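S.K.: Protein chains in written order, with our numbering: chain A, 2 to 326; chain B, 2 to 326; chain C, 2 to 326; chain D, 2 to 326.
The beta-carbon is built from N, C-alpha and C at its ideal position, and this holds for glycine as well.
The structure displayed is predicted, hence computed values, not measured ones.
There are 4 protein chains.
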Amino acid sequence: MQLGMIGLGRMGGNIVRRLLRDGHTAVVFDQNPEAVAALVEAGALGADSLEDFVQKLALPRAAWVMLPAGPVTESTVKALSGLMQADDTIIDGGNSFYGDDVRRAGELKGQGIHYVDVGTSGGVWGLERGYCMMIGGDKAAVDRLDPVFATLAPGIGDIPRTPGREGRDPRAEQGYIHAGPSGAGHFVKMIHNGIEYGLMQAYAEGFDILKHADSENLPPERRFDLDLGDVAEVWRRGSVVSSWLLDLTASALAGNEELDGFSGYVEDSGEGRWTINAAIEEAVPATVLSSALYRRFRSREHASYSDKLLSAMRKGFGGHQEPKA
Amino acid sequence: MQLGMIGLGRMGGNIVRRLLRDGHTAVVFDQNPEAVAALVEAGALGADSLEDFVQKLALPRAAWVMLPAGPVTESTVKALSGLMQADDTIIDGGNSFYGDDVRRAGELKGQGIHYVDVGTSGGVWGLERGYCMMIGGDKAAVDRLDPVFATLAPGIGDIPRTPGREGRDPRAEQGYIHAGPSGAGHFVKMIHNGIEYGLMQAYAEGFDILKHADSENLPPERRFDLDLGDVAEVWRRGSVVSSWLLDLTASALAGNEELDGFSGYVEDSGEGRWTINAAIEEAVPATVLSSALYRRFRSREHASYSDKLLSAMRKGFGGHQEPKA
Amino acid sequence: MQLGMIGLGRMGGNIVRRLLRDGHTAVVFDQNPEAVAALVEAGALGADSLEDFVQKLALPRAAWVMLPAGPVTESTVKALSGLMQADDTIIDGGNSFYGDDVRRAGELKGQGIHYVDVGTSGGVWGLERGYCMMIGGDKAAVDRLDPVFATLAPGIGDIPRTPGREGRDPRAEQGYIHAGPSGAGHFVKMIHNGIEYGLMQAYAEGFDILKHADSENLPPERRFDLDLGDVAEVWRRGSVVSSWLLDLTASALAGNEELDGFSGYVEDSGEGRWTINAAIEEAVPATVLSSALYRRFRSREHASYSDKLLSAMRKGFGGHQEPKA
Amino acid sequence: MQLGMIGLGRMGGNIVRRLLRDGHTAVVFDQNPEAVAALVEAGALGADSLEDFVQKLALPRAAWVMLPAGPVTESTVKALSGLMQADDTIIDGGNSFYGDDVRRAGELKGQGIHYVDVGTSGGVWGLERGYCMMIGGDKAAVDRLDPVFATLAPGIGDIPRTPGREGRDPRAEQGYIHAGPSGAGHFVKMIHNGIEYGLMQAYAEGFDILKHADSENLPPERRFDLDLGDVAEVWRRGSVVSSWLLDLTASALAGNEELDGFSGYVEDSGEGRWTINAAIEEAVPATVLSSALYRRFRSREHASYSDKLLSAMRKGFGGHQEPKA
């Protein structure tokens, strides 16, 4: 089927490529004409403005917006909706806050425009491995887009099937789900990222302890100089902690156990934060997920004010003088 | 080669079976004669006492102890060492504290007996999938046992090879490593379990938030009734959080999304605790791993004293009267 | 000076009483006529409707709203503002979210009505000890109300003066501050409560460890049966952890070391949650404050879904069967 | 009565001074002859060796060791015990691990020497304010030293008495308790310090959020430029979070709100770590106390290995390139 794509960065561009390879057609638009040209070469139909883009789409239109979450996505959805008509569908495949989806879907309902939110995991590997997709929206709109999702998803592959799933929605094992009404897709994707932070931090702490197993704080007979690349590798086979993140860890450590070139400064994106906000709203204790987020905040601080205040108190009650950092 | 096995529970018994299947021979002993009989039927040579067991082993002996960590293992190692001689090897394959390995290896050194500690991951799946092994001990002793480890390990299987490992120790991708001197094997296994706790808790919190996404605390337009079995399944394909623990989660939720039959009481074993002790000794901030451990402690409490004290303070300063639980 | 008070619960009623005792006058209103009657007896002028209340206030009016944060406060402020005129002042002394203050102040600005937010700490003890107040709003409006704040505040009392404060705003040591523009008062009060949660949890955990110092998990020679009431009492004198919360703890434990009558169910109010949201918005790692909040969430759960999922995974990889809770 | 003091640093020296002021006598020894001379001038009897020290003490002897916990205290106690006789008492007033007390008391029992452990809080303020003491040991030995403890303790002072303590051990409100057998004193002191870490961290986080309330991450209308010195000061009067640590915070911020001169590097001492070990041994979830400890560990790291590993994973799955720190 035909899909329109706005935003031809790494994610948007590769999604179009994966669709074209499987026989779908695509109309594409981006602020950057070179990005459009590259996909035209790959077989897509290029547009040079939003108006042109909408015009070139067959009715009922399906326009996928793949832009940075926030103001850019917001204004694009608004502009698109002004050009589209009843029964068209706008798909937000970015990392939007699910509350924004709920609001937008409500606003577009009056015009009869469908709004579908797609949480997409897969990153730079999606073109080859396929994209894991969590989808929110009206059943009719989601069902109509099924050929697109079926192509983009990884498929069953050689991953063993889960026993006990007989008779359940077969899309899940293909790698996509219709999670619920508008917002549900990005909600599930948000939690996915929250979990991701927790998993990453668990590995990071474990390897940190392994790394410091030769610390001079330890009695000499209990110091170990471990090969962390081999540890990561061995856990990939038969251990309880095997995972894709561990595979990536093993790759990173294979050639660079000291992790040279990384500064220790770690960014976070909205989903990790929103996950905590959601947990608090639901009164669910999200201890590990919060800790993981906070460690990233902390990684970006130098000479934290909170730590200075601890030293000031220590000086106050005990006359302690901290060493210079 | 020949291996002696003391302790024929699920782990010890299956290790022997996997060895026998691959052409090795085994002498086996257990307090329970039926356990011995079952393995004799599978092809092992049975012993009816520790003395008999030692006598039946060819020189230099290799005796694997697969018993509960703590006093039982301690006294068995002691008794065994009294019956063995220089150049024999005692292998502790249980979940011993690595500090105990260091001590025991030192004690046995005087007698010329080798001591090898093997941290073993794989649980009930090991017979089929193989065991992931982290090994500590003298190079000579570990090398001599290599045929045993090679058989027990999972092997490369169909897991993609890690790029950049060319020229590195090939045992790691077979599923076993010689981590370092005595104690290093159990140290690495200990951290493995510490990470395991953190990973599990990350998933548990994420699914807890998904589960409560239909909470009445939320505004109606932002409530979702999600199919958690499908969420777990979809993440298995192409997502960043795919892992073996997620596979198990998907299996558990496929047929029993409410997790009926589980009380919410969660045990912990020594490794999770020792991991935190090790982190503290090294001054490594193990925030997520500690939180995961504490959540298990908390799962086993009713009407926690600490919580009662919070209520007592709240009554003191604000006259707040908590509802009955 | 004259103050109007809407909401004559424990807080509102006692604030009026403290004002009357010091020679101020008050117009009072409450949905409950008995609450009005009680304060009329104490010397206030009663009103039987919001209209009557506004009418009885001298120009420029000062109306203090002391109602539950949320819809009730919102609608009352809205109704009041419809009856008031330029240069009047509305004071929100409840536990409103500071973002609501910012919004309301902006809305009222068009009408020329001042909006002052007062975060008030002191609880049931305020009538005797005075109220610690954190105030947000325009300088003119806050200054005009100074006689009210001066009466309500605790005053210097016998608390030693902080060295180095010479030349600084003397109101702080009287027990009230003008923290900044509208919203700043409730913002500071919000953080106050966030800290309060952290402090309480620190004591709660410490006493929990003391309480379990006779645990059978410990080696007999390291078990202690401690008198927690005496411990709390001794720390009140000369120790680093002395505080008002410790005073309350000592009182609670003096007569009831087992804390009988408390169920272990602990409520939380908005401020603790908003504190975490604010920390996340600022990217400040609020590890302890979050943990304290989560422990309260957890105190209200039975057979947590997250814990059940841990058990399900443990069963999956290790065949572990958890005991019934 | 007469007390011997070994170790005349800030703590030991001031303890002797407070005793001399109240009419007691003291024999003193220190490796540093100048420290001895200073106290001789203050009225103590000086010793120039451990032998001399023991000789100058009247029978039954009472020798207080006030030295750094660990090897120095250990060897001094050992040397002392070799010179003393049955019914003499050794007091360890330092910050020893309570398990060491249990062991030492057992070892000395054979010789009939009493061993009393005294956890002492009060720091640089003790000479003036008195010392809060938590004491472990045999009843007879502790009772015999009562005149010393009574002098060192702060006394009731002007701190209000706790209602409901009628008929309970009056020593607690004087500022000292006999907590239990040997080890109990340092155990209680250890938890005191654990709580101290938690309280400090709660304040530190709260002030950190206040400090960043003017962050550019926030919408302009919700930014506040707060006077943190005034906030600390106002909370000292009538608020729920008033405490001695808050008094110290107010002092620190009064003249130096930016906390210039503090590097952000925060040390920790043994007690905070032992508290966590004890909690784990008891299976008590010490979430806040652990977080507080870990924040100190983290304050001392630059470019943490764990954070680098997070970046390596992020690069692996998403191609993310972290900025330089």
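#1: Any idea which residues DSSP pairs glutamine 3 (chain D) with across the strands?
#2: Residue range of the beta strand (DSSP E) that alanine 63 (chain C) falls in?
#3: With 16 as the cutoff for other CB atoms within 10 Å, does glycine 47 (chain D) come out buried or exposed?
#4: Arginine 299 (chain C) versus chain B: which residues are under 7 Å apart at the beta carbon?
#5: I need the DSSP call for isoleucine 91 (chain B), collapsed to helix, strand or coil.
#6: Could you list which residues in chain D have their beta carbon closer than 8 Å to that of aspartate 209 (chain A), in chain order?
#7: Pick helix, strand or coil for glycine 8 (chain A), following the three-state DSSP scheme.
#8: Any idea what DSSP makes of glycine 113 (chain B), helix, strand or coil?
#9: Does isoleucine 178 (chain D) come out as helix, strand or coil in the three-state DSSP assignment?
#10: With a Cβ-Cβ cutoff of 8 Å, do serine 300 (chain C) and serine 244 (chain B) count as a contact?
#11: Mind pulling the chain D residues with CB within less than 7 Å of glycine 124 (chain A)?
#12: Taking 6 Å as the limit between beta carbons, can you name the residues of its chain near glutamate 174 (chain C), skipping five residues before and five after?
#13: Identify the residues that DSSP records as bridge partners of serine 307 (chain A): which are they?
#14: Buried or exposed: which applies to alanine 59 (chain C), given that a residue is buried once 16 or more other Cβ atoms fall within 10 Å of its Cβ?
#15: Can you check which of these residues, A:Tyr132, A:Thr276, A:Gly230, is closest to glycine 168 (chain B) by C-alpha distance?
#16: State the Cα-Cα distance for the pair methionine 12 (chain B) and glycine 94 (chain B), rounded to the nearest angstrom.
#17: In the DSSP output, which residue or residues are listed as bridge partners for aspartate 118 (chain A)?
#18: Indicate whether methionine 134 (chain A) and alanine 253 (chain D) have their beta-carbon atoms separated by less than 8 Å.
#19: Who does leucine 128 (chain C) pair with in a DSSP beta bridge?
#20: Quick check on glycine 256 (chain B) - is its C-beta less than 8 Å from some C-beta in chain C?
#21: State the DSSP-derived secondary structure class of serine 312 (chain D), mapped to helix, strand or coil.
#22: Shorter than 8 Å from the beta carbon of lysine 190 (chain A) to some beta carbon of chain D?
#23: Looking only at its chain, what residues have a beta carbon closer than 7 Å to the beta carbon of glycine 8 (chain B), apart from the 5 residues adjacent to it on each side?
#24: Give the residues of chain A in contact with leucine 260 (chain D), contact being defined as C-beta atoms less than 9 Å apart.
#25: Measure the alpha-carbon distance for alanine 110 (chain C) versus phenylalanine 263 (chain A) and round it to whole angstroms.
#26: Which residues in chain C sit within 8 Å of alanine 287 (chain A), going by Cβ to Cβ distance?
#27: Anything in chain A within Cβ reach of asparagine 169 (chain B), meaning under 9 Å, just list it in chain order.
#28: Using only alpha-carbon positions, find the residue among C:Arg22, C:Arg62, C:Gly10, C:Glu222 that is nearest to valine 37 (chain C).
#29: Span of the alpha helix (DSSP H) holding valine 56 (chain A)?
#30: Does DSSP put glycine 47 (chain C) in a helix, in a strand, or in coil?
#31: Suppose you measure from the CA of alanine 205 (chain B) to the CA of tyrosine 266 (chain B); what does that come to, to the nearest Å?
#32: Taking the alpha-carbon positions, what's the alanine 43 (chain B) to arginine 238 (chain B) distance?
#33: I need the DSSP call for serine 264 (chain D), collapsed to helix, strand or coil.
#34: Compare the C-beta of proline 182 (chain B) with all C-beta atoms of chain C and state if any pair is closer than 8 Å.
#35: Closest Cβ-Cβ distance between serine 252 (chain C) and chain B: below 8 Å?
#36: What are the boundary residues of the alpha helix (DSSP H) that valine 242 (chain D) is part of?
M.R.: According to the structure shown:
#1: Here residue 3 (chain D) refers to the residue found at position 2 of the fourth sequence. Paired residue(s): D:Thr26.
#2: Numbered from 1 along the third sequence, position 62 holds the residue referred to as residue 63 (chain C). Run containing alanine 63 (chain C): 63 to 66, per the beta strand (DSSP E) assignment.
#3: As a working note, residue 47 (chain D) is residue 46 in the fourth sequence. That one is buried.
#4: Within the third sequence, residue 299 (chain C) is the residue found at index 298, counting from 1. Those are Arg299, listed as they occur along chain B.
#5: In the second sequence, residue 91 (chain B) corresponds to position 90, counting from 1. DSSP places isoleucine 91 (chain B) in strand when its eight states are reduced to three.
#6: Position 208 of the first sequence, counted from the start, is the residue given in the question as residue 209 (chain A). Those are Ser305, Tyr306, Ser307, Leu310, listed as they occur along chain D.
#7: Residue 8 (chain A) sits at position 7 when you count from the first residue of the first sequence. It is coil, neither helix nor strand.
#8: Within the second sequence, residue 113 (chain B) is the residue found at index 112, counting from 1. In this structure, DSSP gives glycine 113 (chain B) a state outside helix and strand, which the three-state scheme calls coil.
#9: Here residue 178 (chain D) refers to the residue found at position 177 of the fourth sequence. Reduced to three states, the DSSP call for isoleucine 178 (chain D) is strand.
#10: On the third sequence, position 299 is the one that residue 300 (chain C) refers to. On the second sequence, position 243 is the one that residue 244 (chain B) refers to. By the CB criterion at 8 Å, serine 300 (chain C) and serine 244 (chain B) fall outside the cutoff.
#11: Locating residue 124 (chain A) in the first sequence gives position 123, counting from the first residue. Phe318, Gly319, Gly320, listed in chain order.
#12: Position 173 of the third sequence holds residue 174 (chain C). Only Ile157 meet the Cβ criterion.
#13: By 1-based counting over the first sequence, the position of residue 307 (chain A) is 306. Per DSSP, none; premise fails for serine 307 (chain A).
#14: Residue numbering aside, residue 59 (chain C) sits at position 58 when the third sequence is read from its first letter. Exposed: under 16 other Cβ atoms inside 10 Å.
#15: For this step, residue 168 (chain B) is matched to residue 167 along the second sequence. When only C-alpha atoms are compared, the closest one is A:Gly230.
#16: For the purposes of this step, residue 12 (chain B) is taken as the residue at position 11 of the second sequence. For the purposes of this step, residue 94 (chain B) is taken as the residue at position 93 of the second sequence. Methionine 12 (chain B) and glycine 94 (chain B): Cα-Cα distance of roughly 9 Å.
#17: As a working mapping, residue 118 (chain A) is identified with position 117 in the first sequence. In DSSP, aspartate 118 (chain A) forms a bridge with A:Asp93, A:Gly137.
#18: Position 133 of the first sequence, counted from the start, is the residue given in the question as residue 134 (chain A). Position 252 of the fourth sequence, counted from the start, is the residue given in the question as residue 253 (chain D). No, the pair does not count as a contact, with Cβ atoms beyond the cut-off.
#19: Along the third sequence, read from residue 1 onward, the residue named residue 128 (chain C) stands at position 127. Note: leucine 128 (chain C) sits in no beta bridge, so no partner.
#20: The sequence position of residue 256 (chain B) within the second sequence is 255, counting from 1. No, glycine 256 (chain B) lies away from the interface with chain C (no Cβ there is under 8 Å from its Cβ).
#21: The residue labelled residue 312 (chain D) in the question sits at position 311 within the fourth sequence. Three-state DSSP puts serine 312 (chain D) in a helix.
#22: Taking the first residue of the first sequence as position 1, residue 190 (chain A) is located at position 189. Not an interface residue.
#23: Within the second sequence, numbered from 1, the residue matching residue 8 (chain B) stands at position 7. So the qualifying residues of the chain are Asp31, Val66, Met67, Leu68.
#24: If you number the fourth sequence from 1, residue 260 (chain D) lands on position 259. What leucine 260 (chain D) touches in chain A: Tyr306, Lys309, Leu310, Ser312, Ala313.
#25: Reading the third sequence from its first residue, position 109 is the one you call residue 110 (chain C). Reading the first sequence from its first residue, position 262 is the one you call residue 263 (chain A). Checking the sequence, you will find lysine at residue 110 (chain C) rather than alanine. Near 51 Å, if we compare the C-alpha coordinates of phenylalanine 263 (chain A) and lysine 110 (chain C).
#26: Within the first sequence, numbered from 1, the residue matching residue 287 (chain A) stands at position 286. Chain C residues near alanine 287 (chain A): Tyr295.
#27: Here residue 169 (chain B) refers to the residue found at position 168 of the second sequence. A small correction: the amino acid at residue 169 (chain B) is arginine; asparagine does not occupy that position in the sequence shown. Residues of chain A passing the Cβ test: Asp228, Gly230, Asp231, Glu234, Ala255.
#28: Translated into positions along the third sequence, residue 37 (chain C) becomes position 36. Of C:Arg22, C:Arg62, C:Gly10, C:Glu222, the smallest CA-CA separation from valine 37 (chain C) is found for C:Gly10.
#29: On the first sequence, position 55 is the one that residue 56 (chain A) refers to. Inspection of the sequence shows that residue 56 (chain A) is occupied by glutamine rather than by valine. It spans 51 to 57 - the alpha helix (DSSP H) in which glutamine 56 (chain A) sits, taken as one unbroken run.
#30: Locating residue 47 (chain C) in the third sequence gives position 46, where the first residue counts as 1. Glycine 47 (chain C): strand per DSSP, three-state reduction.
#31: For the purposes of this step, residue 205 (chain B) is taken as residue 204 along the second sequence, with counting starting at 1. For the purposes of this step, residue 266 (chain B) is taken as residue 265 along the second sequence, with counting starting at 1. Taking the straight line joining both Cα atoms gives about 14 Å.
#32: Along the second sequence, one-based indexing puts residue 43 (chain B) at 42. Along the second sequence, one-based indexing puts residue 238 (chain B) at 237. So the two alpha carbons sit approximately 39 Å from each other.
#33: Position 263 of the fourth sequence, counting from 1, holds the residue named residue 264 (chain D). Three-state DSSP puts serine 264 (chain D) in coil, outside helix and strand.
#34: Residue mapping note: residue 182 (chain B) aligns to position 181 of the second sequence, counting from 1. No, proline 182 (chain B) does not count as interfacial toward chain C.
#35: Along the third sequence, one-based indexing puts residue 252 (chain C) at 251. Judged by the 8 Å Cβ criterion, serine 252 (chain C) is in contact with chain B.
#36: Here the question's residue 242 (chain D) lines up with position 241 in the fourth sequence. Segment: none, valine 242 (chain D) is in no alpha helix (DSSP H) and carries neither H nor E.
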